[in-house]
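According to my numbering, the sequence shown is numbered sequentially starting from 780. All residues carry an ideal CB built from backbone N, CA and C; glycine is no exception. First comes the structure, then the notes that go with it.
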Amino acid sequence: MQADCPRRPQPFAWPYPPFLGFAPLDVWFRLLFRPRAIIPFRYWPRVAVGLLLSMAVTVLTLPERLALALYLRLRGRALDRRPGPVFILGYYRSGTTFLQFLLNCDPNLYSPRWSQTFSPQGFYLSWTFLRFFLTPFYSTARPQDDVAFGPDVPAEDDFALCNGALVSSLVGRHVLPRLRGFYDRFHDLKRLAPDEYTRWRRCQIGFIRKLALLAGGRRILLKTPSHTARLEELAELFGMSAGGPRFIHISREPRAVVRSNLGLHRALNPVLHLQDPISDEEQESRTVAEYLATEQSYLAARSHVPAGWLAEIRLEDLHADPLRELRRVYAELGMPFTEVFGRRVLEYLDVTRDYKPNAHPLGDEERLRRLEPQLAPLVKAFHHDAPAIPKVTPPPPADMAPGHRQARLLTAGLFAAFTGLLCMAGWLVLVFLTGLRLDQLVWPAGIAVGLVTLHVARRGSQGLGFWSALWAVLTQLGAAFLTTWLLAHPAGADFMDLGWNTVYALGSIHVLFWTFMG
């Protein structure tokens, strides 16, 4: 049998748009030159794509960036008196995303979205534009675990810290591995210079203040694994907010955490790196060391947190009986567990009941067994030597029974058709008033059809998506046909000429682009 040979690197790294592409140009300057990053030639196309995207986003967000900076300087302290944030703690791949998605069902909490965290320098107008403009370009699932992903999905505020001021360990973890030692200091904040700590503090508070303006009095829900190593700093920073902050720490069987982290790096690093990766052995060593240090920092700090601010949960228990564990955590934190929250949790669990987590290579098992002595303290500290609580199958949501579901889908389909016709009518009115074709209106028309359909259905499906897309296309075709008749069809020409003129108008690059966006 031939031994496996290492795969030769391609001459150029595929220019996949990096998440830093949504950061402003001043952040890119800091990324490339402070400290100076050595970017191998094969990654230059990826840097070029990031810089081009950053230029566009910088221009788009600059007005709101300047206006909000002044407003928050004048009114920011008033926002600090609102209810404190809820922080989800736990190392990477410990179940923090699952917990965040469950807590996002609570109408009393507000979680940032990816369109906000990728471009934290913006605000409502630019975030709304990016939310819809980027939808066609987003994958519907994360590459590392197939969990739902998109501009409207709850996100990690660590990306806002990264793209807003480069005060995140994400850069060394996934972008510049040769500078990981420099960026790892932002993980626990312990070795930062005073000006670096001030930059982190200003960025963290500034982003939360922006979210508070949109939250309408709700608590902000934040999830970043690095916050686990910052418990004391966060408790002090937000201790003066109304009622204080809340912290929920989630843990998972340590070997599973390490195994999943190794899979995370295998999936993400090839598309995000701007430097050649480190070896698998070094990656494993760094992951284990950081995991242990992060949780030990948390264990040392938790005794200093005031009573009623901190609750702990095991992922295995959360999987076994989600409603019971959420009720327990809310009771410990003094937060109201509402009927609406419980119903939404059941709906979310029903939607995701067929989700299967990614399987990881069996070759990792032998390496993980060698790590058991190092991981043993975490097994004991978080009681992973005890079995999970008894499993309880959540009841199906009352309004999602088959009969109710079919009626809701039928209603959503009718609303899709009605919305398409309404958009077409408005489109033609604007054409008549302006004398322009306005083919780009297919984009907002497609958005309107999709949002209305999803709102009525309350749960998406492939069939419903095709139906919405069909009505978006029919809206465009109908509006284009009638627009051609209104503006460019000579009197007396036959129906065939009208059809060909419409096809010719729809075939331009300009129209095809907006058709794709819609």
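Classify A792: buried if its beta carbon has 16 or more other beta carbons within 10 angstroms, exposed otherwise.
buried
Whether Q895 touches K989 by CB criterion (9 Å)
yes
In terms of residues, what are the limits of the alpha helix (DSSP H) holding I1057?
First-last for I1057: undefined, no H or E at that position.
For the beta strand (DSSP E) containing S1030, name the first residue and the last one.
1025-1030
Within the chosen definition, does the stretch 1040-1053 reach the stretch 809-826 through at least 3 CB pairs nearer than 8 Å?
yes
Can you find the residues in the same chain that come closer than 6 Å, C-beta to C-beta, to E1091, ignoring five residues on each side of it along the sequence?
H1028
Buried or exposed: which applies to S1030, given that a residue is buried once 16 or more other Cβ atoms fall within 10 Å of its Cβ?
buried
Spatial neighbours of L881 in its chain, beta-carbon cut-off 7 Å, leaving aside the 5 residues before and after:
P1101, L1105, V1124, Y1127
Residues in the same chain with beta-carbon distance under 7 Å from L1013, minus the five sequence neighbours each way, listed in chain order, please.
F866, H1006, P1024
Within its chain, find whatever has a CB closer than 7 Å to the CB of L968; leave out the 5 residues flanking it on each side and keep chain order.
Y976, W979, R1009, E1012
According to the neighbour-count rule (16 or more other Cβ atoms, all chains shown, within 10 Å of its Cβ), is P842 buried or exposed?
exposed
From W823 to L832, what does the alpha carbon distance come to, in whole angstroms?
14 Å
Taking 8 Å as the threshold, find out whether the stretch 1198-1211 comes into contact with the stretch 1239-1254 through three or more Cβ pairs.
yes
Extent of the continuous beta strand (DSSP E) run through E1091:
1089-1093
Going by beta carbon distance, what residues of the same chain come within less than 8 Å of A1155, once the five residues before and after it are set aside?
none
Does the distance from the CB of I999 to the CB of P1115 come in under 9 Å?
no
Own chain, CB closer than 7 Å to Y870, minus 5 neighbours either side, in chain order
P1004, T1007, V1036, Y1070, T1073, E1074
Which of the three DSSP states is assigned to V1231 in this structure?
helix
Near F1245, which residues of its chain fall below 6 Å by C-beta distance, leaving aside the five closest residues on each side in sequence?
none
Do the stretch 1082-1089 and the stretch 1164-1173 meet, that is, are 3 or more Cβ pairs less than 8 Å apart?
no
Mark E1063 as exposed unless 16 or more other C-beta atoms lie within 10 angstroms of its C-beta, in which case mark it buried.
buried
Per DSSP, what kind of secondary structure is K1170 in: helix, strand or coil?
coil
In chain order, each beta strand (DSSP E) run of at least 3 residues that lies wholly inside the stretch 810-878
865-868
Assign D1218 to one of two classes, buried (16 or more other C-beta atoms within 10 Å of its C-beta) or exposed (fewer than that).
buried
Please report the distance separating the alpha-carbon of N887 from that of R981.
26 Å
Measuring only the C-alpha atoms, how far is L858 from A991?
7 Å
Using only the alpha-carbon positions, how far apart do V1210 and L1265 sit?
8 Å
Please specify which runs of the beta strand (DSSP E), each continuous and at least 3 residues long, are wholly inside the stretch 943-988, giving them in chain order.
none
Taking the alpha-carbon positions, what's the P1152 to L1094 distance?
22 Å
Is the CB-CB distance between G799 and V950 below 9 Å?
With the sequence shown as reference, residue 799 is identified as Leu, and Gly is not the correct amino acid for it. Yes. Within cutoff.
Assumed close pair P1303, G1022 - CB separation to whole angstroms, cut-off 8 Å:
The chain is shown only over 780 to 1297; residue 1303 falls outside these bounds and no answer can be derived.
Taking 6 Å as the limit between beta carbons, can you name the residues of its chain near G1229, skipping five residues before and five after?
S1247
Whole-angstrom Cβ separation of R720 and S1020, contact assumed at under 8 Å?
Outside the displayed range of the chain (780 to 1297) lies residue 720, so it cannot be described from this structure.
What does the Cβ neighbour count give for A1079, buried or exposed, with the cut at 16 atoms within 10 Å?
exposed
Span separating the alpha-carbon of F801 from that of Y850
23 Å
For the alpha helix (DSSP H) containing F1154, list its first residue and its last residue.
Note on residue identity: the sequence assigns Leu, not Phe, to residue 1154. Where L1154 is concerned, the enclosing alpha helix (DSSP H) stretches over 1151-1160.
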